[in-house]
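K.L.:
First the structure, which I've put down as structure tokens, then a few questions once you've had a look.
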Amino acid sequence: MAPRRGLIVAEHPVYPGLSPRAYEHPADRAATAALQRIPLLDRVLRMLASVHSERMVRMHLLGNAVRLGDDQVPDVAAAHRGAFATLDCAPVPSVYVTQNPWANAMTFGIDEPIVILRSALLTSLDPPQLRAVLAHEAAHVQCGHLLYRTSLVVLLRTTLSQLPPLGAAVRRALILALNEWSRTAELSCDRAAVLAVRDPVVVCTALMNLVAGDVPGLSVDAFIRQAEEYRDWGGLWDRTVRFFDELDSTHPWSVRRVTELTAWVRSGEYDRIVDGDYVR
0 MAPRRGLIVA EHPVYPGLSP RAYEHPADRA ATAALQRIPL LDRVLRMLAS VHSERMVRMH
60 LLGNAVRLGD DQVPDVAAAH RGAFATLDCA PVPSVYVTQN PWANAMTFGI DEPIVILRSA
120 LLTSLDPPQL RAVLAHEAAH VQCGHLLYRT SLVVLLRTTL SQLPPLGAAV RRALILALNE
180 WSRTAELSCD RAAVLAVRDP VVVCTALMNL VAGDVPGLSV DAFIRQAEEY RDWGGLWDRT
240 VRFFDELDST HPWSVRRVTE LTAWVRSGEY DRIVDGDYVR
């Protein structure tokens, strides 16, 4: 899985006119279509998101986080712009760093998205891995994931008293449905991350480091073998337990993400896009 050659602009490959359908995971496409078939759901979710408005979050970040740019950690700011340039996605959102010991990143907002990086992310990943994470977030924007992602964040962070029209059962049902969609959306964005760095091993290593931390001696090859073992492990009962174990998770387990990603690369779809044959 060696890096591929390609057009490089400021160390970033570029896919002119790239459509998210070129790399969209079939499960993501199906889950999104299922949500879109629910009458008035998008309107209701926009109303919920207004409870935790983008303007309020932007004000909080402006006052209590660090905005990156040419005068503030410029290498990360350049990598952030490069991730959007790679996917031919514009405009580029603002990017902020917040103090947090758990390495993670997220994109919040519907009309004016904001990318938020936790500080541990910048210290635990090397530059190629960080570029992969930034491209993953850029893909959420390009794929049109932000309405459902932002609504899920709002539902998880607000109480029933803050959402008076919603009963407990309705809120729970919405969270479960959006969690299921979110887990599939992550699989699409992992594919975009591979396209951005042109090296599947980099993305698999980043996924390993995000769950284990920056531990000396970690082997990505062993982690990929572990992922394949998890895929094949257990019978029907174990798989049923696994299903219920993931219900409250917004992300699929990292080992599943690795198996899905390596299967996609081996299918030849990755090489086809890298060679310029993709939906535009």
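In numbering that gives the first Met the number 0, the protein residues as written are 0 to 279. We put the beta carbon where it would ideally sit given N, CA and C, even for glycine. As the structure is a prediction and not an experimental result, all values here were calculated from the model.
1) Would you call Asn208 buried or exposed, if buried means 16 or more other Cβ atoms sit within 10 Å of its Cβ?
2) Using beta-carbon positions only, say whether Arg230 and Thr258 come within less than 7 Å of one another.
3) Just checking, does the segment 232-248 make contact with the segment 178-190 on the three C-beta pairs under 8 Å criterion?
4) Comparing alpha-carbon positions, which option in Gly108, Asp220, Thr157, Pro199 lies nearest Gly143?
5) Kindly indicate which three-state DSSP category Leu40 falls into: helix, strand or coil?
6) Give me, in chain order, the residues of the same chain whose beta-carbon lies closer than 7 Å to that of Trp263; leave out the 5 immediate sequence neighbours on both sides.
7) Is the separation between the beta-carbon of His79 and that of Thr106 shorter than 7 Å?
8) Just to confirm before moving on: does the CB-CB distance between Leu60 and Tyr95 stay below 7 Å?
9) Can you tell me whether Ala102 is helix, strand or coil according to DSSP?
10) At 4 residues or longer, and completely inside the segment 107-181: list those alpha helix (DSSP H) runs for me, N to C.
11) So, is Ala131 buried or exposed, given that buried needs 16 or more other C-beta atoms within 10 angstroms?
12) Compute the Euclidean distance between the alpha carbons of Glu111 and Gly275, then round it to the nearest angstrom.
13) Over what stretch of residues does the alpha helix (DSSP H) that includes Ser253 continue unbroken?
14) Can you tell me whether Ile37 is buried or exposed, with buried defined as 16 or more other CB within 10 angstroms of its CB?
15) Taking the runs of the alpha helix (DSSP H) that are 4 residues or longer, which of them lie wholly in the segment 56-87?
16) Over what stretch of residues does the beta strand (DSSP E) that includes Tyr95 continue unbroken?
17) Could you name the residues of the same chain whose beta carbon sits closer than 7 Å to that of Val8, not counting the 5 residues immediately before and after it, in chain order?
18) With a threshold of 6 Å on Cβ separation, who are the neighbours of Arg3 within its own chain once the five nearest residues in sequence on each side are excluded?
P.N.:
Well, looking at it:
1) Looking at its Cβ environment, which holds 16 or more other Cβ atoms inside 10 Å, Asn208 is buried.
2) Taking 7 Å as the Cβ cut-off, Arg230 and Thr258 qualify as a contacting pair.
3) Contact holds: three or more Cβ-Cβ distances are below 8 Å.
4) When each option's Cα is compared against that of Gly143, the closest is Gly108.
5) Helix.
6) Within the same chain, Trp263 has close Cβ partners Arg190, Tyr269.
7) No.
8) Judged by their CB atoms, Leu60 and Tyr95 are nearer to each other than the 7 Å cut-off.
9) Coil.
10) The segment 107-181 contains these whole alpha helix (DSSP H) runs: 118-123, 126-141, 145-156.
11) So Ala131 counts as buried.
12) Cα to Cα, Glu111 sits roughly 30 Å from Gly275.
13) Unbroken alpha helix (DSSP H) run through Ser253: 253-265.
14) With fewer than 16 other Cβ atoms from the protein chains shown falling within 10 Å of its own Cβ, Ile37 counts as exposed.
15) Qualifying alpha helix (DSSP H) stretches, in chain order: 73-85.
16) Taken as a continuous stretch (DSSP letters only), the beta strand (DSSP E) holding Tyr95 covers 93-97.
17) Per-residue confidence for Val8 stands at a pLDDT of 38, beneath the threshold of 50, marking its modelled position as unreliable; the derived number appears in the next sentence. Cβ within range, chain order: Ala84.
18) The pLDDT assigned to Arg3 is 34, lower than 50, so where the model puts this residue is not dependable, and the model offers no usable value.
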